[in-house]
Amino acid sequence: MHQLVKAPIVLVRDRLNTHASHTMRELIEARKWLTAFILPSHAPELNAVEYPWAHVKRSLANLGSVAIDRLESLIRNRLKRLQDRPDLLDGFVAGTGLALNLPPPSP
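The numbering used here numbers the first residue of the sequence shown as 2 and each following residue consecutively.
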């Protein structure tokens, strides 16, 4: 990603054992362009990814009897529709209460 965007990267990770491993810490420390933050234990309200998944799951609540292949199609459709709703996605980030301060564009 860093090579693609040619900009610093911010990594927000949870406390999954592989995310907090010695190897992961070494990988992060070796990359000066990477800033990493670890979420507190059990803090789904700070993880903006939780909000779109909750939104999709609510829209599927009454579809328990749908065949698995149809369910997969419905989930893909719901996620695709979210891509066309930047206002809603911004709301999910705002719901965390965290500020999204983008770095200035590089020259």
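Note that CB positions come from ideal geometry on N, CA and C, so glycine has one too.
Look at T24 here: in three-state DSSP terms it is helix. Per DSSP, A55 lies in no beta strand (DSSP E) segment; the continuous alpha helix (DSSP H) that holds it begins and ends at 51-60.
Each residue's CA atom was taken as its position, placing L72 and L5 some 34 Å apart. Bridge partners of T36 according to DSSP: V11. About 4 Å separates the Cβ atoms of A37 and L12, confirming a contact at the 8 Å cut-off. Apart from the 5 residues on each side of it in sequence, Q84 has no Cβ closer than 7 Å to any other Cβ in its chain. In this structure L28 is not in contact with I10, their Cβ atoms being roughly 12 Å apart against a cut-off of 8 Å.
R79 is a Cβ neighbour of V57, given a cutoff of 8 Å.
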